[in-house]
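Some notes on the structure that comes next.
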Amino acid sequence: MDFLEIFLSANFWAAALRIATPLVFGVIGALICERAGVLNLGIEGIFTAGAMAGWMAVWLGAGLWGGVLVAAGAGAFFGLIHAILTVPLGLSQHVSGIGVTLFATSLSYFTYRTALPDVSSPPRIEPFKPLDIPGLSDLPFIGPALFQQTALTFLALFVVAATAFVLYRTPLGLAIRAVGDNPSAVESQGLSVYGLRIGAVVVGSALMALGGAFLTMSAFDAFFFGMVNGRGWICIALTVFASWRPGKALLGALLFGAFDAFQVRLQTDVGSFIPGQVFLMMPYVLSIAALILVARKADYPRALLTPYFRGQR
Amino acid sequence: MTTVSAAPIVLQLTQITKRFGSFAANEDVSLTLRRGEILALLGENGAGKTTLMNILFGHYVADEGNVEIAERTSGTLNALPAGQPNAALDAGIGMVHQHFTLAENLTALDNILLGTEKLSAMTSSRTAARQRLDDLMRRSGLTVDLDARISTLSVGEKQRVEILKALYRDARVLVLDEPTAVLTPQESDTLFETLKTLAAEGLAIIFISHKLDEVIAASHRIMVLRLGKKVADQPTEGSTKLQLAELMVGKSVPQSTRSEQAAGPLLLTLKQASAGEGRTALHAVDLELFSGEILGIAGVSGNGQATLARALSGLEPLTAGQLQLDGKDLSGSNARKMIDAGFARIPEDRHKDGIVGPMSVAENLTIETIRAPENQRFGFLKFGAIAERARQAIKAYDIRCQGDKAPARLLSGGNIQKIVLARTLDAAPKVVLAAQPSRGLDVGATADVHRRLLDARARGAGVILISEDLDELMRLSDRIAVIHRGHLSAAEKTETLDRSTLGLKMAGHGFHGDTGEAA
Amino acid sequence: ADAKDKPLKVAAIYTVPVEQQWVSRIHKALTTAQERGDVTYTYSENVANTDYERVMREYAEQGMDMVVGEAFAVERAARKVAAEYPETAFLMGSSFGPSKPNFSVFDNFIHEPSYLTGMIAGSTTKSNIIGMVGGYAIPEVNRLMNAFMEGALAVNPEVKFLVTFINSWYDPPKAKESAFAMIDKGADLLYAERFGVSDAAKEKGILAIGNVIDTAADYPGTILASALWHMEPTIDKAIEAVASDSFEPADYGTYSFMTYGGGSFVADEALASADAVTAAKEKEQEILDGLFRVNVNDTEPKSTM
Amino acid sequence: MIRFEPREPASLQRLILIPVAAAIVALVLAAIPITAAGVNTFTAYGLMAKGAFGSMFAFTEMLTRAAPLILTGLAAAIAFRAKLWNIGAEGQLYAGALAAVAVGTGWIDAPAVVLLPLVILAGAAAGGLVMLGPTLLKTRLGVDEVVTTLLLNFVILLFVQMMLEGPMQDPMGMGWPQSEPMLDAATLPKLMSRMRIHGGLIIAFAAAIAIHILLKRTVWGFEIRAVGENASAAAHAGLPVKATFIRVGLLSGAMAGLAGVGEVAGLKGYLTADLSPGFGYSGIVVAMLAGLSPLGVVIAALFIASIFVGADSMSRATSVSNYLADLIVAMSLICVLISGLFLRFRIKFVKPRTNISQETQ
Ligand SMILES: Nc1ncnc2c1ncn2[C@@H]1O[C@H](COP(=O)(O)OP(=O)(O)OP(=O)(O)O)[C@@H](O)[C@H]1O
Ligand SMILES: Nc1ncnc2c1ncn2[C@@H]1O[C@H](COP(=O)(O)OP(=O)(O)OP(=O)(O)O)[C@@H](O)[C@H]1O
Ligand SMILES: [Mg+2]
Ligand SMILES: [Mg+2]
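Protein chains in written order, with the numbering used here: chain S, 255 to 567; chain Y, 530 to 1048; chain D, 4 to 308; chain H, 545 to 905.
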């Protein structure tokens, strides 16, 4: 069988990393929100908003990095809405998240269509190009796998490292981990529960939006309706899979990316006698299987989903 | 005890009033605290003690009145900004809440350091912090494993972490809300020793307690709140238990005591029963309970009492051994079967395990018997009958609430306990398991619980009383067994025991085998 | 009913956004008609299946002269609504036939130019592996892929095909990934049924075959040949019929055939060999003259390696 | 500084006034995109009202869209009551529809009195069974049900596509991935001639009333409420916690399955993979708007449906992009959500306090 061949090909791993990149942004964003105790089901909409806003900014001439900033800003904006609804106002995190998804998606679509009413083919931008670093790119295997990637993929890897560092090595990370476990521990030490949670949700949402921006500014070069296609929801699953740890989150996203890349490659082989949907199901089914394996050890942020009201027990 | 009336004032509360809706939880309460002074705050459940402390710490904002605290260096009194816990912390107020405020997923060190460093800092200076803490622990005698996750610590250890949190921040006023409610006598004694040491170094301390003995033993001054108002503020010297109890309640409280009574037939046995895992596991426990007796289980918290209670009530499967009730083998049964077999349980954590907060008092009174024919027909609830019986229980047990439809969570701890008592004892169970039944209750409510347990014994039920309060155990139990690291000693007649023997046993003396120390 | 004055009121109902290739052809034809002054044009896009019938009725109630749309997933309902508004002409994309009194159908019958692009592709591939990425395996997609494969095999029996469906009408990043996977497997030519495939081709420096719309300008040096669909003949025919009050239930599908100008074939002569282009052009003439008929095969195409 | 103070039972007046005020605020906010698209706001509002209530057709269309929302709303409400976070109503809806089609397209030939109940039952059972998996995983192994139910949505949709392209494809469908049409005997009756409104609405209303009675008046309902509010206390009181979760899971999935039955046996007549425009997700919104009350679900579903249908129709009448409808629904949702706060809390504006004693000194 040429299964092995697939796994040994650098292009396969390059594809896995490329598919994983938006998920990495998303899962790290979701992880930061959840570590602080807030489930953010707005992720699917925030992805869309990031994809649309980032692309639109570049299209209007903001430059690629300008687009990245705008996308992050859009994510932060919707994150702020979710944060205000769920943290000081203490509304249900599920419903606020789904509300934010509806709002961000419909606002993105409406804005796009109102700005570009008469297109029959989506306008293109010049997207991020693969970084070609002389010397490194020529390394066997690693070179092609890593250096077919654009700057945004490297940014995603950096975000993982930075998040791990902040969470486990700095006073801020300590406070975020504490506020997701027991907000009164944080308050009794003079820190602001609301401040930390709102901050975490805003930053996390900005990262999620970068996942969307990757789709329109690196994976592709135009914005389409429906292009996020459930990628946000996958990140919510990956967060649990990762037991809320950045390193495992990267691993989970990569595994998912690898499944997906594998699925695409396998489909052309055996696609003639196994229905294509079976392959498409594979990443989801395997995610569920993986969850079952890690479930016993899952270490939930204990305050997840619980709003905190000062002076109320 | 020496008075400290000459020492400078560190804290002053002036005419504090706090209302929740139209109800005044604190009314016109003033208080002055001096350096090195230990003040005990007394009052019935709901008297407003916690509320007052929450105002001091900035969790609540008072409607009237204000809080002043002395400048660290000059000693002049400055107003404390209202509603800002971090301002209170900076000013040197440390608070150990009735319900611990620790993040369970973090280590002790993390919890102590939390919020003490700038959030924008890129590093955390743990080595220096560790040194300071080692020093603090040595001076105060409060030792904990700084690298242990909070979730692995016992209640006593958690409390030490809480106090260290305050000391690490150079607290000048330390507030402890019912610190001994969950401690053993030895732990309490150690705690008060520590507090005295700290006070001698100049720390001003306020502690809230329902235990009059320790209030008299450990404080310099006593303040009593009743219905939100200050009714007394007096030196401890010259105060008596009786006088204090009367000040709190407004009348005298009768204490129930056990009368002689011959034990009946064997009701419940545990044979070589094991359950659970980790540090709170049970190992090959033997236990026998007879009709008409109260069997006390003494032990330092976290030695397997909770597992024993869960195993007895069918909430946790036995991994080995046997459980028999009234001759029937119930080893593999669940909570439902145990209840049906005549087993009643008063859970240790009454808020978490005793009531369903948002449901009504009536519903909480019916929850254990909801499937009984008197409560339902063809699966449909009989509302009239349920409400009627609830009203009777409210009357019979004197449950103070706004009627049977009020959500149970609005009740005070004492009244919540009465709901649990009413629904468990009303079915005239054969066996009653009471875990920490009077923890955190005031004298009146405690007396009530004791009377109910003795009534059950008088009618022939067997009662297992798990408690960390030795006085309670000695007064109520016919026999007492001690639990240590999941091993249970043979029960001995209470008359043959005294506090110090029990205390030694609780510390592990007399236990054999793989985990206990030599006899 | 009497002959109607121009501009006619025309509404279109799309189940996808107007950027989607297929729908964009209808949108373009109607926009052109509007610019010409023949119609006033309004549309609803991304209309959910559930809402389709309501939207049809609303437009009919608004007194539209003609409603254009896709009845693919709502066949029965669409025909029922149409029957209730005999004053309105309905021109719907459909795999079925027309129905009385006012329901005409059309479809993207560009299997002919697809066959021609297949010929070009078959003679251009060096690795003899062609990758094909489709959306869903539905007749409208299958028939073009099959015609393409037939065309390629006609000139080069050695050609093997890799076929993948991404199960989405739009997920360009996913389509692109599928295309990359095919390139990894040795494909040196891609059939770009979906957006995203040509991007992969361009990025890897190989060639791609365009479908439905002409994207050569977006991917300079990448699009070897394209089979284009033009809705103008269909739309214009229908507008004329409505305007002259002679609209009958009919199958407008044939207006997508090359003879009516509904389908066309373009090849980039800088990329394709002159021989291949000549052969395709000859075949094109045969088709136009009615001497050669390309099969309509709606079964799902499968990988052949 | 703003402070919230809990307000225990809200007066009836507030109960009505506050959501109305929220709806008005939402409409005022909607004026922003409406104006941005260049339409007169008041015209737009008028057209919206007309689009949802202006004619029998508009009104029945609104009801038709509300029917599945009521059922998915109930699916979420009952599950959330027990703190079983079922985010998978979308998949369960498709499972229900698939089962209805499997039974109702000729496999069984029976008169309507037999076949229709079978179709309904099959749909409910399929939805319930799909939810049983995540429920068992939760109670047995502690697997997070938010994630499993969410992921199952994708798996089921793909499965439905697979069936529609394979064994269940309509041979007369020209290769389109769609099922055979439901037999007449398997079709829910239309409630009005020429309108789309169908028996699914009756099922939805009946289900809402049934669940209301279940929760309020029965032992099972009592157990569901107790487990949802405090599973630990319920376990201590001897209530069957796991069995309750399983019952709730089955019931919740069944509701979503019924939504699928209604859409396929009442509205469409056959199944395609784009049957639902996200009814499963909207159901969560509906349930939360309703405060998880089964009767409230009916009102919330009607509200969402009228906003959507009205705004959608308005966008058409004014030639504004029809994405406006979703946008207005989303904005209304957020406004109504916030307004719920005014029901539960009294909001106090407090001035930072001055220092009294220093003034007197
Ligand atoms: N957040 C709140 N909202 C409304 N009422 C409250 C709140 N907190 C306290 N109360 C009321 O204030 C009263 C005093 O409560 P507090 O907690 O101060 O009592 P306590 O003296 O600490 O009692 P205990 O001995 O039981 O701890 C209670 O009876 C209660 O009704
Ligand atoms: N958020 C709140 N709303 C209303 N009343 C409250 C609130 N928080 C606390 N209370 C009331 O404050 C009073 C004291 O509560 P507390 O929890 O201190 O009880 P307790 O008797 O100390 O029981 P325990 O020691 O077991 O906690 C009770 O009357 C309780 O109902
Ligand atoms: Mg208190
Ligand atoms: Mg108390």
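Heads up, the beta-carbon is just placed ideally off N, CA and C, and yes, glycines get one too.
Check: Quick one: what's got a C-beta closer than 8 Å to D/Y46's C-beta in the same chain, skipping five residues either side?
Finding: Here the question's residue 46 of chain D lines up with position 43 in the third sequence. Correct list, in chain order: A14, A15, I16, Y17, V21, H30 and L33.
Next item on the list: Answer yes or no: do Y/L568 and Y/S717 have a C-beta to C-beta separation smaller than 8 Å?
Entry: Sequence index remark: in the second sequence, residue 568 of chain Y carries index 39 (1-based). Sequence index remark: in the second sequence, residue 717 of chain Y carries index 188 (1-based). The Cβ atoms of Y/L568 and Y/S717 do not sit closer than 8 Å to each other.
Check: Buried or exposed: Y/M1003, going by 16 or more other Cβ atoms within 10 Å of its Cβ?
Finding: Counted from its first residue, the second sequence places residue 1003 of chain Y at position 474. So Y/M1003 counts as buried.
Notebook entry, point to check: How would you call H/Y814, buried or exposed, if buried means at least 16 neighbouring beta carbons within 10 angstroms?
Noted result: On the fourth sequence, residue 814 of chain H is found 270 positions in, with the first residue counted as 1. When all chains shown are included, H/Y814 counts as buried.
Next item on the list: Quick one: using the 10 Å Cβ neighbour count with 16 as the cut-off for buried, is Y/A1019 buried or exposed?
Entry: Here residue 1019 of chain Y refers to the residue found at position 490 when the second sequence is read from its first residue. Answer is exposed; the Cβ neighbour count stays below 16.
Checklist line | Contacts of S/L411 in chain Y (Cβ-Cβ under 7 Å) | finding: Locating residue 411 of chain S in the first sequence gives position 157, counting from the first residue. At a beta-carbon threshold of 7 Å, none of the residues of chain Y lie near S/L411; the nearest stands roughly 20 Å away.
Margin query: I need the straight-line Cα distance from S/G501 to S/L421, nearest angstrom please.
Written below: Position 247 of the first sequence, counting from 1, holds the residue named residue 501 of chain S. Position 167 of the first sequence, counting from 1, holds the residue named residue 421 of chain S. Between S/G501 and S/L421, the alpha-carbon positions lie close to 11 Å from each other.
Notebook entry, point to check: So is Y/K881 in contact with chain H if we call contact Cβ pairs under 8 Å?
Noted result: Taking the first residue of the second sequence as 1, we reach residue 881 of chain Y at position 352. Yes, contact with chain H.
Item checked: Own chain partners of S/V440 with C-beta closer than 7 Å, once the 5 adjacent residues on each side are dropped -> In the first sequence, counting from the first residue as 1, residue 440 of chain S sits at position 186. For S/V440, where only same-chain residues beyond five positions count, the Cβ hits under 7 Å are A429, A432, V433, V447 and L450.
Next item on the list: Return the residue from the list H/L758, H/L732, H/G801 and H/M832 that minimises the CA-CA distance to Y/G908.
Entry: Counting from 1 along the second sequence, the entry for residue 908 of chain Y is found at position 379. The residue with the shortest Cα to Cα distance from Y/G908 is H/L758.
Next item on the list: Using DSSP bridges, identify the partner residues of D/M69.
Entry: As a first step, residue 69 of chain D must be located in the third sequence, where it is residue number 66. D/M69 pairs with D/V13 and D/A92.
Next item on the list: Out of H/G835, H/M718 and H/L613, point me to the one whose CA is closest to H/V853's CA.
Entry: Here the question's residue 853 of chain H lines up with position 309 in the fourth sequence. Residue H/L613 is the option with its Cα nearest to H/V853.
Next item on the list: Kindly indicate if chain Y contains any beta-carbon less than 8 Å away from that of S/P342.
Entry: Here residue 342 of chain S refers to the residue found at position 88 when the first sequence is read from its first residue. Taking 8 Å as the threshold, the shortest C-beta distance from S/P342 to chain Y does not fall below it.
Check: At what residues does the alpha helix (DSSP H) containing H/W764 begin and finish?
Finding: Taking the fourth sequence and counting its residues from 1, the one referred to as residue 764 of chain H is at position 220. Counting along the chain, H/W764 sits inside the alpha helix (DSSP H) bounded by residues V763 to E773.
Notebook entry, point to check: What three-state label does DSSP hand H/I790 in the structure shown?
Noted result: Within the fourth sequence, residue 790 of chain H is the residue found at index 246, counting from 1. For H/I790, the three-state secondary structure derived from DSSP is helix.
Next item on the list: Kindly indicate which residue of H/A633, H/R740 and H/A654 has the alpha-carbon position closest to the one of H/A798.
Entry: Position 254 of the fourth sequence, counted from the first residue, corresponds to residue 798 of chain H. Minimum Cα distance to H/A798 is reached at H/A633.
Check: For the 8 Å Cβ check, are there 3 or more pairs between the region 697 to 714 of chain Y and the region 566 to 586 of chain Y?
Finding: Under the 8 Å Cβ criterion, the region 697 to 714 of chain Y counts as touching the region 566 to 586 of chain Y, having at least three qualifying pairs.
Notebook entry, point to check: Is the CB-CB distance between Y/E633 and S/N436 below 8 Å?
Noted result: Position 104 of the second sequence, counted from the first residue, corresponds to residue 633 of chain Y. Position 182 of the first sequence, counted from the first residue, corresponds to residue 436 of chain S. Cβ distance < 8 Å, so Y/E633 and S/N436 count as in contact.
Notebook entry, point to check: Counting along the chain, where does the alpha helix (DSSP H) carrying Y/P614 start and finish?
Noted result: The count along the second sequence starts at 1 and reaches residue 614 of chain Y at position 85. From DSSP, the alpha helix (DSSP H) with Y/P614 extends over P614 to A620.
Next item on the list: Taking C-beta pairs closer than 7 Å, name the residues in chain H that Y/V972 reaches, listed in chain order.
Entry: Counting from 1 along the second sequence, the entry for residue 972 of chain Y is found at position 443. Those do not exist, as Y/V972 stays about 27 Å from chain H at its closest Cβ, beyond 7 Å.
Note to self: At the level of alpha carbons, what is the spacing between H/L833 and H/A748?
What the structure shows: Here residue 833 of chain H refers to the residue found at position 289 of the fourth sequence. Here residue 748 of chain H refers to the residue found at position 204 of the fourth sequence. Going from the Cα of H/L833 to the Cα of H/A748 covers about 17 Å.
Margin query: Against chain S, with Cβ distances strictly below 8 Å, would Y/N904 count as a contact?
Written below: Position 375 of the second sequence, counted from the first residue, corresponds to residue 904 of chain Y. Answer no: the Cβ-Cβ gap between Y/N904 and chain S never drops below 8 Å.
Item checked: Members of the region 132 to 143 of chain D that neighbour chain H once the beta carbon cut-off is set at 8 Å -> For chain H, the residues of the region 132 to 143 of chain D that bring a beta carbon within less than 8 Å of one of its beta carbons are Y139, A140, I141 and P142, in chain order.
Item checked: S/L361, enclosing alpha helix (DSSP H) - first and last residue -> Taking the first residue of the first sequence as 1, we reach residue 361 of chain S at position 107. Here the alpha helix (DSSP H) through S/L361 covers Q347 to A369.
Next item on the list: Using the Cα positions of D/D292 and D/A157, report the straight-line distance between them to the nearest angstrom.
Entry: To locate residue 292 of chain D, count along the third sequence from 1; it is residue 289. To locate residue 157 of chain D, count along the third sequence from 1; it is residue 154. In a straight line, the C-alpha of D/D292 is about 20 Å away from that of D/A157.
Next item on the list: Would you mind giving the Cβ-Cβ distance between Y/V960 and Y/L797, rounded to the nearest angstrom? I have them listed as a contact below 8 Å.
Entry: Counting from one through the second sequence, the residue named residue 960 of chain Y turns up at place 431. Counting from one through the second sequence, the residue named residue 797 of chain Y turns up at place 268. For a cut-off of 8 Å, the C-beta gap from Y/V960 to Y/L797 is around 5 Å, short enough to register as a contact.
Note to self: Suppose the cutoff is 8 Å on Cβ atoms and the five residues either side in sequence are ignored; what does the same chain contact list for Y/F549 look like?
What the structure shows: For this step, residue 549 of chain Y is matched to residue 20 along the second sequence. Its chain contains no residue whose beta carbon lies nearer than 8 Å to that of Y/F549 once the 5 sequence neighbours on both sides are disregarded.
Notebook entry, point to check: If S/G333 and S/F301 are in contact, beta carbons under 8 Å, what's the gap, nearest whole angstrom?
Noted result: The residue given as residue 333 of chain S occupies position 79 in the first sequence. The residue given as residue 301 of chain S occupies position 47 in the first sequence. Approximately 12 Å separates the beta-carbon atoms of S/G333 and S/F301; this is outside 8 Å, ruling out the contact.
Notebook entry, point to check: Taking Cβ-Cβ distances below 9 Å as the criterion, which residues of the region 627 to 638 of chain Y are in contact with chain S?
Noted result: Correct list: H628, F629, T630, L631, A632, E633, N634 and L635.
Next item on the list: Could you tell me the distance, in whole angstroms, from the CA atom of Y/A838 to the CA atom of H/G793?
Entry: Taking the second sequence and counting its residues from 1, the one referred to as residue 838 of chain Y is at position 309. Taking the fourth sequence and counting its residues from 1, the one referred to as residue 793 of chain H is at position 249. Their backbone Cα atoms lie some 31 Å apart in a straight line.
Next item on the list: Kindly indicate if chain S contains any beta-carbon less than 8 Å away from that of Y/G644.
Entry: On the second sequence, residue 644 of chain Y is found 115 positions in, with the first residue counted as 1. It does: the Cβ of Y/G644 has a partner Cβ on chain S nearer than 8 Å.
Check: Helix, strand or coil: which one does DSSP assign to D/Y194?
Finding: If you number the third sequence from 1, residue 194 of chain D lands on position 191. In this structure, D/Y194 counts as strand in the three-state DSSP scheme.
Note to self: Our contact map puts H/A666 next to H/V647 with C-beta atoms below 8 Å; I'd like the distance itself, whole angstroms only.
What the structure shows: Along the fourth sequence, one-based indexing puts residue 666 of chain H at 122. Along the fourth sequence, one-based indexing puts residue 647 of chain H at 103. With 8 Å as the limit, H/A666 and H/V647 qualify as a contact, their Cβ atoms being about 4 Å apart.
Checklist line | Cutoff 8 Å; reference Y/K911; Cβ partners in own chain excluding five residues on either side | finding: Numbered from its first residue, the second sequence carries residue 911 of chain Y at position 382. Excluding residues within five positions, the ones whose Cβ falls inside 8 Å are E903, N904 and Q905.
Margin query: So Y/K647 contacts chain S; which residues on that side make the cut at Cβ distance below 7 Å?
Written below: To locate residue 647 of chain Y, count along the second sequence from 1; it is residue 118. Correct list: P425.
Check: In terms of residues, what are the limits of the beta strand (DSSP E) holding Y/P764?
Finding: Taking the first residue of the second sequence as 1, we reach residue 764 of chain Y at position 235. Where Y/P764 is concerned, the enclosing beta strand (DSSP E) stretches over K758 to P764.
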